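First up is the structure itself, then whatever we jot down about it.
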Amino acid sequence: MKLTIQSPGPLTTVQDLGRWGWQAIGMPVSGAMDAPALVRGNILLGNPDGAAGLEMTMTGPTVSFDGDGAVAITGADLQPRINSTPVANWTVLNVKSGDVLSFAGACGKGFRAYLCVSGGVDVPPVMGSRSTYMKAKIGGLEGRKLAKDDVLMTGEGGSFVVGATCPENLRPDYSNAPLRTVLGPQDDYIKPEGIKTFFESEYKISSSSDRMGTRMEGDKLIEHVKGPDIVSDAIPMGAVQIPGQGLPIVMMADRQTTGGYVKIGVVHAIDVARLSQFMPGSSVRFTKITQEQGIEISKSEANMLNMLRAHVAQAHSRPAAPPVGAGGGHSQQQSGAMNIIVNGEKFFVTWERLS
Amino acid sequence: MDTFKAKILPAGETCLFVDFGEKIDMKINSLVQGLKRALTEKPFEGMRELVPTYRSLSVYFDPLTVDLKALNERLATELETVADVLDDEKTSASEIRVPVFFGGEFGPDLGDVAEHTKLTVEEVIKRYCESPLYCFMNGFTPGFPYLGGMDKSLETPRLKNPREFIPANSVAIGGAQAGAYSIASPGGWRIIGRVPYELYDPNRDPAVAIQAGMWVRFYPVDMARYKEIEEQAKAGTYKIEYGQRGAVA
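As given, the protein sequences belong to chains A and B, one line each in that order.
All residue numbers for the first sequence refer to our numbering, where the first residue is 122 and numbers rise by one.
All residue numbers for the second sequence refer to our numbering, where the first residue is 20 and numbers rise by one.
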């Protein structure tokens, strides 16, 4: 399948789960800001978890398709339409040559969505990843955000069931619950009152936030014991830096690998993804967890993904079942598409109910 | 060896920091590299990535497969023996020799550095190249090496107004540190020369020429040799000059 960008929207980039393994040489990880959303889209489509998709923001792009295939749109609701007809998020959708996907735009809950495609977006991997890192101009399409008339090819797809959907209870939590944070590694560089301030304050997301970091605004400043500067060390995903002005910055997907500010704590990856959907001006709080509790949260996310895999496998065994939670009221699926293998040869089959 | 107290610190659900002390110090950094080597040679279950910095080793792991208690114990055990690796490091440290064309349009600040340090341009180049430079870490941008050990007489403050564009592979002085811009970027260090090949090339192995834990020796080349190396690098035939420290090239 071929995707052509008719209009790119404010920021559309190719992202996968990031360029891991190269932080030692100063290469940022990058990857999808809301990784749990990208993974769910890929599971629905029978792709590897880390297949590349498009990260779309706010008003989203307009994309036309050549060739038949399947897509799933996950993350924030940007109100997707195919050929101007509203379609469901979190659901495998069949697309045919000439179809046009567009978006009416973010409608309150979050502003980053993922266009996952059967087979993944096939751009050349750079250092093991297709993620776009714009600052070093690598990955994705020529290391940049997508522009009008860009063309992207998809890879070879796995098997999927059109209409298969991610049930609501298996979708990421997009509530504004406090961000679960493990203290350290430099919490002892902060005065005890500062730690209290950090966990008791309500912060507002600053408009100068980006894929690198989410800045917070607030009234009460966090004081350092000696000052905000340290001899540089590493910055994990979700690290909460407290620079001299005394307000937190949560480090996101495009964070630099190392930095010289005190890190009071590290927000859990799942909550970093949730935070990436908070609009500037939203309120946010932090809450303390232990490292062991953090690991348990990661395990329950893995468990949810396994439940989704089981759910998708079930849809395979009942290919003509009505799509769950989509199409409201249709008792039977009207059409579909799937990859099948006959005598070792792979075929893409579309079908339509005639009676 | 001096006694030191390394700390194992939590850094979220995917990482532990092993912090050797908040200093820019050869011994501390050698211990960081020593621990990195020990874990690389015998990885633990769930090990994801090791990131050495000036003063700590960040140990990234997969939260789904790690045994956190076992990992803490393993790190504590490694810390007891990491000193031996430090001694080993002295004899087997690797060195990279890096050709540089100094001055001219490739080194627009060379004259200012000479003026500030009250040395001749020739003397600046000589002392820069004779400095026992050591790469403490890579950071800032992909492949940027933070080099310690520069001759103190060469210290020159950073520009008050950083440049918006510094070409890739520019060799620089920033205060007491030496470094090289691995990709084109803004920056405030004093630019004194340029390397004829890409210090960072994602399609090459190694992608980054100057890596943490290496000794670095710059040497001057004339424009003819610069062009020659540049051509070879473009054709993919240039071999980065790696060797043992102190070995004759």
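Even glycine gets a Cβ: it sits at the ideal position worked out from N, Cα and C.
For clarity, every value in this text was computed on a predicted model and none was experimentally measured.
Identify whether residue i lies in helix, strand or coil by the three-state DSSP scheme.
i: glycine 206 of chain B; result: strand
i: alanine 252 of chain B; result: helix
i: isoleucine 316 of chain A; result: helix
i: alanine 360 of chain A; result: strand
i: alanine 197 of chain B; result: strand
i: cysteine 237 of chain A; result: strand
i: arginine 336 of chain A; result: strand
i: alanine 243 of chain B; result: helix
i: glutamine 127 of chain A; result: strand
i: threonine 110 of chain A; result: No answer is possible for residue 110 of chain A: the residues shown for chain A start at 122 and end at 476.
i: alanine 25 of chain B; result: coil
i: threonine 178 of chain A; result: strand
i: arginine 116 of chain B; result: strand
i: methionine 373 of chain A; result: coil
i: alanine 193 of chain A; result: strand
i: glycine 162 of chain A; result: helix
i: tyrosine 310 of chain A; result: helix
i: glycine 249 of chain A; result: coil
i: histidine 389 of chain A; result: coil
i: proline 412 of chain A; result: Sequence inspection shows glutamine at residue 412 of chain A; the proline mentioned does not correspond to that position. DSSP places glutamine 412 of chain A in helix when its eight states are reduced to three.
i: glutamine 366 of chain A; result: coil
i: serine 452 of chain A; result: Reliability of the predicted coordinates at serine 452 of chain A is poor, the pLDDT of 44 falling under 50, and the value obtained from them is presented with this limitation in mind. In the structure shown, serine 452 of chain A sits in coil (DSSP, three-state: anything other than H, G, I, E or B).
i: glutamine 478 of chain A; result: Absent from the model: residue 478 of chain A. The displayed extent of chain A is 122 to 476, so no value can be given.
i: leucine 262 of chain A; result: strand
i: lysine 325 of chain A; result: strand
i: threonine 139 of chain B; result: coil
i: phenylalanine 125 of chain B; result: helix
i: asparagine 91 of chain B; result: helix
i: glutamate 260 of chain B; result: strand
i: alanine 447 of chain A; result: In this prediction, alanine 447 of chain A has a pLDDT of 43, which is less than 50 and means its spatial position is unreliable; what the coordinates show is noted afterwards. Correct three-state label for alanine 447 of chain A: coil.
i: serine 421 of chain A; result: helix
i: threonine 100 of chain B; result: helix
i: lysine 269 of chain A; result: coil
i: isoleucine 144 of chain B; result: helix
i: alanine 173 of chain A; result: coil
Measure from the alpha carbon of residue i to the alpha carbon of each residue in the options, then state which is nearest.
i: arginine 376 of chain A; options: A/Gly240, A/Val383, A/Gly359, A/Gly365; result: A/Gly359
i: isoleucine 146 of chain A; options: B/Tyr261, B/Val240, B/Leu218; result: B/Leu218
i: threonine 206 of chain A; options: A/Asp220, A/Pro349, A/Ala193; result: A/Asp220
i: glycine 193 of chain B; options: B/Ala187, B/Lys137, B/Gly212, B/Gly207; result: B/Gly207
i: valine 330 of chain A; options: A/Val383, A/Met372, A/Ala197; result: It should be noted that the sequence gives serine, not valine, for residue 330 of chain A. Closest option to serine 330 of chain A, Cα to Cα, is A/Met372.
i: serine 239 of chain A; options: A/Ala257, A/Asp270, A/Gly278; result: A/Gly278
i: valine 192 of chain A; options: A/Thr178, A/Met179, A/Val208; result: A/Val208
i: arginine 251 of chain A; options: A/Leu222, A/Gly315, A/Leu304, A/Gly174; result: A/Gly174
i: proline 369 of chain A; options: A/Lys420, A/Phe407, A/Leu426; result: A/Phe407
i: glutamate 263 of chain A; options: A/Val282, A/Phe281, A/Ser280, A/Asp243; result: A/Asp243
i: lysine 230 of chain A; options: A/Asn424, A/Ala431, A/Ser223, A/Tyr295; result: A/Tyr295
i: proline 357 of chain A; options: A/Glu338, A/His345, A/Thr378, A/Gly339; result: A/Thr378
i: alanine 285 of chain A; options: A/Ala153, A/Leu165, A/Ser151; result: A/Leu165
i: valine 303 of chain A; options: A/Lys325, A/Ile316, A/Gln200; result: A/Ile316
i: cysteine 228 of chain A; options: A/Gln200, A/Thr275, A/Asp270; result: A/Gln200
i: glycine 53 of chain B; options: B/Pro82, B/Phe237, B/Glu97, B/Lys24; result: B/Glu97
i: alanine 374 of chain A; options: A/Ile126, A/Asp155, A/Val135, A/Arg301; result: A/Asp155
i: proline 205 of chain B; options: B/Ile229, B/Pro186, B/Asp220; result: B/Pro186
i: isoleucine 410 of chain A; options: A/Val247, A/Arg301, A/Ile126; result: A/Arg301
i: arginine 6 of chain B; options: B/Val51, B/Asp128, B/Met45, B/Val101; result: The question about residue 6 of chain B has no answer here: the residues shown for chain B are numbered 20 through 268.
i: alanine 153 of chain A; options: A/Asp340, A/Val388, A/Val393, A/Ala355; result: A/Val393
i: phenylalanine 281 of chain A; options: A/His437, A/Lys123, A/Lys256, A/Leu124; result: A/His437
Can you give the beta carbon distance from residue i to residue j, rounded, assuming they're within the 8 Å contact cut?
i: leucine 267 of chain A; j: threonine 133 of chain A; result: 4 Å
i: glycine 171 of chain A; j: leucine 138 of chain A; result: 4 Å
i: glycine 249 of chain A; j: methionine 179 of chain A; result: At roughly 30 Å, the Cβ-Cβ gap does not stay under 8 Å, so glycine 249 of chain A and methionine 179 of chain A are not in contact.
i: glycine 478 of chain A; j: alanine 158 of chain A; result: Because residue 478 of chain A is not part of the residues shown, which for chain A are 122 to 476, the question remains open.
i: serine 185 of chain A; j: arginine 202 of chain A; result: 13 Å between Cβ atoms; not a contact.
i: glutamate 99 of chain B; j: arginine 74 of chain B; result: Not quite, the Cβ-Cβ distance comes to about 19 Å (not below 8 Å), so this is no contact.
i: isoleucine 385 of chain A; j: valine 346 of chain A; result: About 12 Å separates the two Cβ atoms, so there is no contact after all.
Taking 8 Å as the cut-off, is the beta-carbon of residue i closer than that to any non-hydrogen atom of the ligand PLP?
i: leucine 58 of chain B; result: Among the ligands in the structure shown, none appear at all, so the ligand PLP cannot be discussed.
Exercise for the section: Say whether the region 397-411 of chain A touches the region 270-290 of chain A, bearing in mind that this needs 3 or more beta-carbon pairs closer than 8 Å, one atom from each stretch. Expected result: no
Handout entry: Three-pair Cβ contact test at 8 Å for the region 344-354 of chain A versus the region 364-371 of chain A
Key = yes
Exercise for the section: List in chain order: all unbroken beta strand (DSSP E) runs of 3+ residues lying wholly within the region 212-243 of chain B. Expected result: 234-239
Handout entry: alpha helix (DSSP H) runs wholly inside the region 30-77 of chain B, at least 4 long, in chain order
Key = 45-60
Exercise for the section: Mind the definition here: the region 170-180 of chain B touches the region 78-90 of chain B only if three or more C-beta pairs lie below 8 Å; say whether that holds. Expected result: no
Practice task
Report yes or no: do the region 412-429 of chain A and the region 26-40 of chain B share at least 3 C-beta pairs separated by less than 8 Å?
Solution key: yes
Problem - Within the region 160-198 of chain B, ranges of the beta strand (DSSP E) (whole runs, at least 3 residues) - result: 164-167, 182-185, 189-193
Problem - Stretch pair the region 117-130 of chain B + the region 64-79 of chain B: three plus CB contacts closer than 8 Å - result: no
Practice task
May I ask you to verify whether the region 317-334 of chain A touches the region 45-63 of chain B, counting CB pairs closer than 8 Å and requiring at least 3?
Solution key: no
Problem - Segment contact, 8 Å Cβ cut-off, at least three pairs: the region 178-192 of chain B with the region 152-161 of chain B - result: no
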